[in-house]
Amino acid sequence: MAIAIFLTFVAAVLGLSFYFAAKTKSASGYFAAGGQIHWGVNGIAFAGDYLSAASFLGICGMIATAGYDGFLYSIGYLAGWIVALFVVAEPMKRLGKYTFTDALDAKFNSRGIKLFAAISTLVVSVFYLIPQMVGAGVLVEPLLGIPHYAGVIMVGAIVITIVATAGMTSTTYVQFIKGAMLVVFSLIVTVAVLVRGLSTEPDQGGRVPFYKYATLEAKEVKGALVVNDYKVLTSVPAKAETYVKLEKGGVQTWWLRSDKDGKIALKETQYEVKKADGSKLVNGLPASKDNVLRQNGGLEAIKGKTGPEAATGKVGPFEFLSILSDPETRINTWKIVKLSDGEDKVVVYAPSVKPGNKMMRPGLKFKTEGTPIQKLDFLSLMLALFLGTAALPHILIRYYTVPSPACARKSTIVAIAAIGFFYVLTMYMGLGAVINAALNPVTDNMSAPLLARTFGTFLFAVISAIAFATVLGTVSGLIIAASGAVAHDLMDRYLQLGHTEKQKVRAGKIAAFVVGIIAILLGILFQGMNVSFLVGLAFAVAASANLPSIIMILFWKKTTAKGIAASIVTGMVSAIGLIMFSPSMYDKFGLNPATAPVPLDNPGIISIPLSFLVLVAVSLLTQKKEASAA
Amino acid sequence: MLHEPASQSGPDASADYKMRIGVWMFLLYAAIYAAFVAINLLKPLWMEKTVFLGLNLAVVFGFGLIVFALIEALIYNHMCGTHEADNKGGE
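The listed protein sequences correspond, in order, to chains A and H.
The opening residue of the first sequence carries number 1 in our numbering; numbering runs sequentially from there.
The opening residue of the second sequence carries number 631 in our numbering; numbering runs sequentially from there.
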């Protein structure tokens with residue numbers, strides 16, 4: 001059924017694209033849907049465009065594993081719309097034509113602005129495309145049983161078809177349908193979570209038997225560890241803890257050692273072993289379709305109670321959050337530890353129980369109580385999220401699809417309502433996934449669809465189809481923004497190739513195809529990274545490269561064309577440079593994160609002010625030249 | 631091809647007014663957002679404290695920021711719409 005619903009959805013989307021394709025003949029129609037979209041439709045399409053894989057898959061996943069820290073993304077992403085509404089929406093609409101480069105360049109007609117703003121659009125779009133494509137692969141893998149790369153290629157092919165057939169019109173309606181469905185079905189999942197309530201023995205509505213992880217007592221005899229009925233094979237220290245390998249009945253298992261009050265306990269873990277000969281074991285037995293890692297999560301205690309008497313039954317939305325915030329509520333999460341055992345490479349998923357009061361406030365992922373650098377990193381992230389939205393090219397181009405500045409404003413308000421409501425729901429879906437023990441220990445990106453699966457195949461199929469549509473909608477918007485940057489900003493306005501309307505549309509379609517191929521390759525390359533984290537980086541690049549120019553052109557009369565061009569280049573290069581030398585990227589490249597020359601993962605706190613400063617300095621230095629040139 | 635918007639709209643007599651109130655509303659929201667970030671950095675344990683209907687400050691402040699964004703947006707739209715209508719009436 002999941003596959004049937006999924007394929008029906010894809011067929012409907014493609015049908016819509018071919019329908020609008022016949023009506024799209026002009027560049028205005030292709031890049032801006034003729035500027036005739038109703039503000040209500042545009043507002044929901046904004047939501048469809050904006051609520052990407054990062055929001056649906058990434059945020060829910062991060063809330064499930066890091067609690068409130070994931071919700072910080074929801075807050076920051078929504079707050080960014082305030083900048084879009086109050087500062088950017090109407091002026092952007094008044095100044096621009098198809099792209100945000102048009103708006104920046106409206107006053108100057110500068111080749112430098114055209115070139116660098118177009119490059120910035122391409123760079124931000126590609127940065128934003130990576131997590132969407134990663135999300136697509138993650139999603140399709142369990143749904144259709146195909147490998148990650150095949151999922152990425154499939155999404156790429158469908159999106160290229162959508163964009164290359166009818167451009168912005170079909171993209172708008174795909175985003176509208178997806179935005180509406182995402183909000184409605186997220187509400188349904190949330191209600192289902194609240195009706196089911198909380199339990200310390202979650203069995204996913206009877207679908208998956210509750211699995212209780214074992215704890216063994218151990219003792220030390222003459223310095224050697226002894227465990228009844230088990231043979232102790234080895235102890236491996238890692239990250240200030242000790243992991244112990246035991247054997248029983250020919251099956252080897254890994255346990256986390258815990259020393260407390262003079263007693264030694266061994267806690268059961270899950271683990272994968274990659275043998276030197278390439279074979280793989282999961283929890284001691286050969287990996288197969290039937291022997292995979294169990295889903296993780298669950299509650300160890302609810303307000304200090306365990307067992308059947310702890311079950312709450314139906315709860316209200318505030319009661320749900322109140323129970324989970326209680327210090328006596330204990331939530332099962334896990335940590336991933338990589339060990340070497342001779343020639344074997346072992347990945348252990350070890351239990352890590354969090355009290356509710358810690359889970360429900362910032363601090364698990366973003367160390368708000370940590371070192372000054374860690375605090376600065378948090379500040380940097382929140383700044384980039386706040387300022388990034390209004391600088392995203394694929395969001396800005398949607399202001400050109402409505403007839404007037406007032407419609408641009410109204411559609412932004414509809415977007416804030418839909419997006420804000422959805423973000424409130426992410427809290428319930430993320431927490432719902434962890435309390436129902438519906439988490440895949442390898443990747444948190446699948447939390448929302450796996451939560452839906454605990455309520456039956458139908459909801460899983462619909463949520464998966466919507467999640468897939470989420471990727472389609474956002475990727476379509478990004479590719480159209482990138483296509484506009486190449487065909488309109490670079491080819492038509494920068495190089496002044498003098499194309500006819502028909503040639504412009506064709507150039508846009510070819511550009512969409514090429515960007516789509518690049519997106520596919522990057523989606524395969526970046527497999528395994530949290531999609532919300534990656535989108536946070538895209539926000540930082542957008543906020544650094546684009547926002548200073550947008551703000552200053554509106555509010556500072558001394559802004560010059562050279563100042564804008566210099567600011568875009570500075571923001572883009574500094575943000576990307578800082579990201580490339582950050583601890584997260586070092587980890588991704590297989591290097592030691594502690595040796596990364598830049599201690600921050602989020603570059604915004606440096607690159608955004610730097611971009612503003614360069615704009616002001618260069619504008620002041622080029623005042624006379626531009627005045628005399630004028 | 632001329633460099634003009636995809637769909638034409640006439641001059642907007644309310645543009646300055648809308649920009650002015652937009653900036654003030656933006657600054658108000660930015661200040662509250664900054665306060666949220668500041669509490670997290672300077673007094674993170676405050677976020678654990680129960681403040682309303684059993685909810686802690688983190689949840690109330692976080693949801694509050696989302697709801698306040700919508701309230702401000704609706705007030706802004708009402709003020710802009712009224713000004714635009716007044717200007718049209720005067721024309």
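Beta carbons: idealized from backbone N, C-alpha and C, even for Gly.
- Message: Using a 10 Å radius around the Cβ and a threshold of 16 neighbouring Cβ atoms, would you call V189 of chain A buried or exposed?
- Response: buried
- Ignore the nearest five residues each way along the sequence and tell me which others in K679 of chain H's own chain have a CB closer than 8 Å to its CB. N686 and L687
- Task: Identify every run of the beta strand (DSSP E) within the region 468-503 of chain A, keeping only runs that are complete inside it and at least 3 residues long; order them along the chain.
- Result: none
- Task: Please name the residue, chosen from A:V486, A:L281, A:T333 and A:F458, that lies closest to Q503 of chain A on a Cα-to-Cα basis.
- Result: A:V486
- Short CB-CB distance (under 8 Å) between M382 of chain A and chain D: Here chain D cannot be found, since the structure's protein chains are A and H.
- Task: Starting from Q270 of chain A, follow the beta strand (DSSP E) in both directions and report where the run begins and ends.
- Result: Q270 to K274
- Query: Within 10 angstroms of its Cβ, does T443 of chain A collect 16 or more other Cβ (buried), or is it exposed?
  - Reply: buried
- Chain-ordered residues of the region 665-687 of chain H with a beta carbon less than 7 Å from chain A: V667, N670, L671, P674, M677, E678, L683, G684, L685 and N686
- Message: On a Cα-Cα basis, can you pick out the residue from A:A469, A:L51 and A:Y271 that is closest to L14 of chain A?
- Response: A:A469
- Output the distance between the C-alpha atoms of G720 of chain H and H713 of chain H, rounded to the nearest integer angstrom. Annotation note: pLDDT 45 at G720 of chain H (below 50); position unreliable, coordinate value reported separately. In a straight line, the C-alpha of G720 of chain H is about 11 Å away from that of H713 of chain H.
- Message: Bridge partners for W334 of chain A per DSSP, in chain order?
- Response: A:P351
- From the beta carbon of M446 of chain A, is the nearest beta carbon of chain H less than 8 Å away? no
- Query: Does M655 of chain H have its Cβ less than 8 Å from a Cβ in chain A?
  - Reply: yes
- Task: Anything in chain H within Cβ reach of Y68 of chain A, meaning under 7 Å, just list it in chain order.
- Result: A688
- Check Y243 of chain A in the structure and name its three-state DSSP category. strand
- Task: Take I413 of chain A and list the residues in its own chain whose beta-carbon comes closer than 8 Å to its own, dropping the five residues that flank it on each side.
- Result: G43 and L85
- Could you tell me how far apart the beta carbons of Y173 of chain A and L16 of chain A are, in whole angstroms, since I believe they sit closer than 8 Å? 6 Å
- Item | Cβ of K375 of chain A within 8 Å of any chain H Cβ | yes
- Task: Quick one: list the residues of chain H neighbouring A79 of chain A, beta-carbon separation under 8 Å, in chain order.
- Result: Y659, Y663, L695 and A699
- Message: Restricting to Cα atoms, I'd like to know which of A:P91, A:Y19 and A:M62 is closest to R650 of chain H.
- Response: A:P91
- Item | Reduced DSSP category for N592 of chain A - H, G, I as helix; E, B as strand; rest coil | coil
- Please say whether T165 of chain A and F18 of chain A have beta carbons closer to each other than 8 Å? yes
- Query: To which residues does DSSP link W676 of chain H through a beta bridge?
  - Reply: Looking at the DSSP assignment, W676 of chain H forms no beta bridge with any residue, so it has no partner.
- Task: Please decide whether Y647 of chain H counts as near chain A, where near means a Cβ-Cβ distance under 8 Å.
- Result: no
- Can you check DSSP and say which residues form a bridge with K305 of chain A? A:I302
- Report the residue from A:A575, A:E241, A:R493 and A:V614 whose alpha carbon sits nearest the alpha carbon of D105 of chain A. A:R493
- Rounded to whole angstroms, how far is the Cβ of G297 of chain A from the Cβ of I435 of chain A, which I believe are closer than 8 Å? 7 Å
- Which bits of chain H does P405 of chain A rub up against, with CB to CB less than 9 Å? S639, D642, A645 and K648
- Item | Contact check, K245 of chain A vs D326 of chain A, beta carbons under 8 Å | no
- Report the three-state DSSP secondary structure of R294 of chain A (helix, strand or coil). coil
- Query: Going by DSSP, which residues form a beta bridge with I264 of chain A?
  - Reply: A:A218 and A:D259
- So A575 of chain A packs on A545 of chain A, CB below 8 Å; how close in whole Å? 7 Å
- Query: When you compare only the Cα positions, how much space is there between G432 of chain A and L451 of chain A?
  - Reply: 7 Å
- Task: Decide yes or no for the touch test of the region 362-369 of chain A against the region 66-76 of chain A: beta carbon pairs closer than 8 Å, at least 3 of them.
- Result: yes
- Which listed residue (A:I162, A:V184 and A:V159) has its alpha carbon closest to that of A47 of chain A: A:V184
- Message: Nearest by alpha-carbon distance to P355 of chain A: which of A:L324, A:T101, A:I466 and A:V346 is it?
- Response: A:L324
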